[in-house]
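Quick note, the numbering used here runs 443 ahead of the 1-based positions in the sequence shown. Only one structure is covered here, and it is reproduced in the block below.
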Amino acid sequence: MQQLTKRESQLLIYLLEMTEPVTIKQLAEKESVSVRTIKYDLEDIRDWLIERNQELHSKRSQGIWLSVSDSDRIKLKSELMDVNRLELFADQGLRINRLLIMLLVTKEAITALKLANALEVSKDTIMNDLDELEYHYLKEGLVLNRQTRKGFWITGKERLVRLTIEEILQKEFTDYDIYKLMALLLNGRETECFEMYSAKATPLQEVFNQVIIRMRYLLESENLEKLNYAELLNILIRVAIATVRLRKESTIGRYQLIREHEIDKHDLSYRVMQQVFDYYQLPLFEDEYDYIYSDTFDTIHQQDVMKLVENIIYKVSKKINFPFYQDPQLLTNLYAHLSMRLSRRKNFVNEYNPFKEDIKQKYPELFAAINQAALQEINEKLLINDSFVAYIALHFLVSYEREEDLRSVRAVYVCSTGLGVTSLIKQKINEELNNITIVAFASVLNAQEVIAAKDPDLVISIFPINGIDRPFIKVHPLPTEQDLQNIQQMIKKILASTSQDRRHKLVLNEAPINKGTLEDFSKELILKAYTIYEQLLVTLESELIQEYREAFLLHVFLMVHRITFDQQYLAEGSQVDQIILNREALVGEIEAIFAENNLGINKSEISALFSYIKEGASS
444 MQQLTKRESQ
454 LLIYLLEMTE
464 PVTIKQLAEK
474 ESVSVRTIKY
484 DLEDIRDWLI
494 ERNQELHSKR
504 SQGIWLSVSD
514 SDRIKLKSEL
524 MDVNRLELFA
534 DQGLRINRLL
544 IMLLVTKEAI
554 TALKLANALE
564 VSKDTIMNDL
574 DELEYHYLKE
584 GLVLNRQTRK
594 GFWITGKERL
604 VRLTIEEILQ
614 KEFTDYDIYK
624 LMALLLNGRE
634 TECFEMYSAK
644 ATPLQEVFNQ
654 VIIRMRYLLE
664 SENLEKLNYA
674 ELLNILIRVA
684 IATVRLRKES
694 TIGRYQLIRE
704 HEIDKHDLSY
714 RVMQQVFDYY
724 QLPLFEDEYD
734 YIYSDTFDTI
744 HQQDVMKLVE
754 NIIYKVSKKI
764 NFPFYQDPQL
774 LTNLYAHLSM
784 RLSRRKNFVN
794 EYNPFKEDIK
804 QKYPELFAAI
814 NQAALQEINE
824 KLLINDSFVA
834 YIALHFLVSY
844 EREEDLRSVR
854 AVYVCSTGLG
864 VTSLIKQKIN
874 EELNNITIVA
884 FASVLNAQEV
894 IAAKDPDLVI
904 SIFPINGIDR
914 PFIKVHPLPT
924 EQDLQNIQQM
934 IKKILASTSQ
944 DRRHKLVLNE
954 APINKGTLED
964 FSKELILKAY
974 TIYEQLLVTL
984 ESELIQEYRE
994 AFLLHVFLMV
1004 HRITFDQQYL
1014 AEGSQVDQII
1024 LNREALVGEI
1034 EAIFAENNLG
1044 INKSEISALF
1054 SYIKEGASS
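Below, the structure written as structure tokens:
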């Protein structure tokens, strides 16, 4: 049977939801991968569909599409979501979440045999799962109690109990689950239910669907434009949790009834709570309403939010080694976000964030740095979870991309004197080239002085200049089209080499990655290496020693791997410098090839390449 990766499953779900054909290029842009990667994915999807007597249609002039009945579309989606869910949660992880829910929604002890029967596994498996739960899953402040012949139960602060249940449910919900829930709330039939894997066969499952029924009725009279799915989801989860816990005589605070004259009876949170609590014959406690409506944190309001934001930005910048603190827009945006987040009345702890898992996986170093800084700076630790950190990370990522887009090569232009000429050159450069700033014009007489004062990334000159310790390019008095192309290539090379370390530090996934992710990355790396190999063959065609050709292929593949993981050769020295100096034109061509593929290559690596060509091998 054909197995799909997580990305392939998501692609197929997307295709099932599309009513119009979509191009491979559009799919590649959506998933942020190459066209070639999408082609590989579509081959697997096509095989998967054939096993189910379905066909993936494609036409060069139109794109990719599926032609299936509505009933088949639902069946395929359901299968994909089930497979995808099992992929997201390892078997033991899924069982432990179910164990946690079972133990948290009741005050009575549950025997190992009863737990094993409920989860359809052996008693030994349950005992191993409970050990794993106790040592790796249970929040500090919660205790797993064990008593012979009686069973197992969890005790601890009520807020921690509820927070744990919330987190399990929030992590379980996929984007498709959110879509289905919203559809049930807004357009669902009264008999329709929603099944939660973690809460299966528990009181929470039954209560959850009762809340859906009553929310659906109340939403008929609500202005839906003023609501968002995050708020609806939080109300739904919290009313369900409060109901289950209260039925087990566990309240979050005092047994003080709501003073009806002090609340807004038109508030949706209150109306849902009232309806559900009346159904289960529960009293309307004030602290339960506060829990459902908001998290109340007194410590937050005492903090200087601007100072807090400045400290977070500084600490993340230092940890990541990236100058986020130089971006005033980041300070403004993050201040606005946290001011609202930390001071608003409706301050939900587990706010739904669809970007959470992707950001956590793709940018683990940035994610960890923000999490650490937030824990150090924000007084109320309960607020700081993966969703909270991911929302902050979005602001940092926007800042990073903004800085990358604005980056430019600083150039000193050495030419003849005369304002008319310099104005003409500057205009032509600005119109024709990207990512370059002329920081100064100089004459041949004061070139060295201007270069020393301005410290440019690049020197462009109509005259040859000796003794320059930075990239140099010679052009005609009025730059030709070829001159402009050469300058643009040099710009690409400089930006590639200067940004590589920073990008590596920000993007490199140091966390364990799944097999599918690793496979995709390997494919991309192999394809990039082979592309570079073919380009080098064309450049070195007349000079490459033919009996070294296979060895050259292997060398290029290993070299691309070294550059990708920031492990280039560092054998700098007079011999390397001499080899490079003797073949300056060829060096430039090689550097341009790597720049086109977003890689920066140093002199030592280029020198190593020369051992495969006739002149280099002899030296």
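A virtual CB, placed ideally from N, CA and C, is assigned to each residue, including glycine.
Whether residue i touches residue j by CB criterion (8 Å)
{"i": "Leu689", "j": "Leu725", "result": "yes"}
{"i": "Ala817", "j": "Ile755", "result": "yes"}
{"i": "Asp900", "j": "Ala833", "result": "no"}
{"i": "Ser693", "j": "Lys550", "result": "yes"}
{"i": "Ile930", "j": "Ile903", "result": "yes"}
{"i": "Asn776", "j": "His709", "result": "no"}
{"i": "Val882", "j": "Val857", "result": "no"}
{"i": "Phe539", "j": "Asp572", "result": "According to the sequence provided, residue 539 is Ile. The question's Phe does not apply to it. Closer than 8 Å, so yes."}
{"i": "Ala812", "j": "Ile879", "result": "no"}
{"i": "Val478", "j": "Ile467", "result": "yes"}
{"i": "Val650", "j": "Val715", "result": "no"}
{"i": "Asp451", "j": "Asp484", "result": "Here residue 451 turns out to be Glu, not Asp, going by the sequence shown. Contact flag set, yes."}
{"i": "Leu979", "j": "Val999", "result": "yes"}
{"i": "Ser940", "j": "Gly1043", "result": "yes"}
{"i": "Leu523", "j": "Ile456", "result": "yes"}
Cα-Cα separation between residue i and residue j, rounded to whole angstroms
{"i": "Glu703", "j": "Val687", "result": "23 Å"}
{"i": "Leu587", "j": "Ala552", "result": "10 Å"}
{"i": "Arg541", "j": "Lys643", "result": "8 Å"}
{"i": "Pro766", "j": "Ser760", "result": "6 Å"}
{"i": "Arg697", "j": "Ile544", "result": "24 Å"}
{"i": "Ser1050", "j": "Asp898", "result": "28 Å"}
{"i": "Gly594", "j": "Ile1006", "result": "56 Å"}
{"i": "Glu1048", "j": "Leu968", "result": "18 Å"}
{"i": "Arg605", "j": "Gln932", "result": "58 Å"}
{"i": "Thr591", "j": "Val548", "result": "21 Å"}
{"i": "Ile802", "j": "Leu519", "result": "28 Å"}
{"i": "Asp574", "j": "Asp747", "result": "43 Å"}
{"i": "Ile597", "j": "Lys582", "result": "11 Å"}
{"i": "Glu1015", "j": "Asn1025", "result": "Residue confidence is low: Glu1015 scores 46 on pLDDT, short of 50, so the model does not pin down where it sits. Its coordinate-derived value is still stated next. When rounded, the distance between both Cα atoms is 16 Å."}
{"i": "Tyr843", "j": "Ile621", "result": "30 Å"}
{"i": "Arg913", "j": "Tyr768", "result": "28 Å"}
{"i": "Ala896", "j": "Tyr757", "result": "29 Å"}
{"i": "Leu624", "j": "Gln613", "result": "13 Å"}
{"i": "Ala471", "j": "Ala836", "result": "24 Å"}
{"i": "Glu663", "j": "Arg657", "result": "10 Å"}
{"i": "Gln804", "j": "Leu628", "result": "31 Å"}
{"i": "Gln870", "j": "Glu977", "result": "37 Å"}
{"i": "Arg516", "j": "Ile706", "result": "46 Å"}
{"i": "Glu892", "j": "Phe884", "result": "11 Å"}
Integer Cβ distance of residue i from residue j, believed to fall under 8 Å
{"i": "Leu938", "j": "Val852", "result": "7 Å"}
{"i": "Glu615", "j": "Tyr640", "result": "6 Å"}
{"i": "Leu927", "j": "Leu876", "result": "6 Å"}
{"i": "Leu781", "j": "Leu751", "result": "7 Å"}
{"i": "Asp829", "j": "Lys799", "result": "5 Å"}
{"i": "Leu987", "j": "Ile1036", "result": "Rounded, the Cβ-Cβ distance is 14 Å, inconsistent with contact."}
{"i": "Asn1045", "j": "Gln1011", "result": "5 Å"}
{"i": "Ala1038", "j": "Lys917", "result": "Not really, about 19 Å apart at Cβ, beyond 8 Å."}
{"i": "Glu609", "j": "Ile695", "result": "Going by Cβ atoms, the distance from Glu609 to Ile695 rounds to 12 Å, so no, they are not a contact pair."}
{"i": "Ile569", "j": "Leu558", "result": "5 Å"}
{"i": "Asp721", "j": "Gln699", "result": "So it is not a contact: roughly 18 Å between Cβ atoms."}
{"i": "Leu454", "j": "Glu474", "result": "7 Å"}
Helix, strand or coil at residue i according to DSSP, with G and I counted as helix
{"i": "Tyr768", "result": "helix"}
{"i": "Ile1056", "result": "strand"}
{"i": "Leu585", "result": "strand"}
{"i": "Gly506", "result": "strand"}
{"i": "Arg528", "result": "Model confidence at Arg528 stands at a pLDDT of 49, short of 50, so the residue's coordinates are unreliable; what they give is reported in the following sentence. Looking at Arg528 - three-state DSSP - the assignment turns out to be helix."}
{"i": "Val548", "result": "coil"}
{"i": "Ile1044", "result": "coil"}
{"i": "Ile911", "result": "coil"}
{"i": "Ala854", "result": "strand"}
{"i": "Thr686", "result": "helix"}
{"i": "Thr466", "result": "coil"}
{"i": "His500", "result": "strand"}
{"i": "Ile905", "result": "coil"}
{"i": "Val476", "result": "coil"}
{"i": "Thr775", "result": "helix"}
{"i": "Lys708", "result": "coil"}
Closer than 7 Å: residue i CB and nearest the ligand COA heavy atom
{"i": "Gln932", "result": "In the structure shown, the ligand COA is absent, as is every other ligand, since no ligand is present at all."}
Cβ of residue i within 8 Å of any chain D Cβ
{"i": "Asn540", "result": "Looking for chain D here will not work: only one protein chain is present."}
Enumerate, from N- to C-terminal direction, the unbroken alpha helix (DSSP H) stretches of 4 or more residues contained entirely within the stretch 563-607. 566-575
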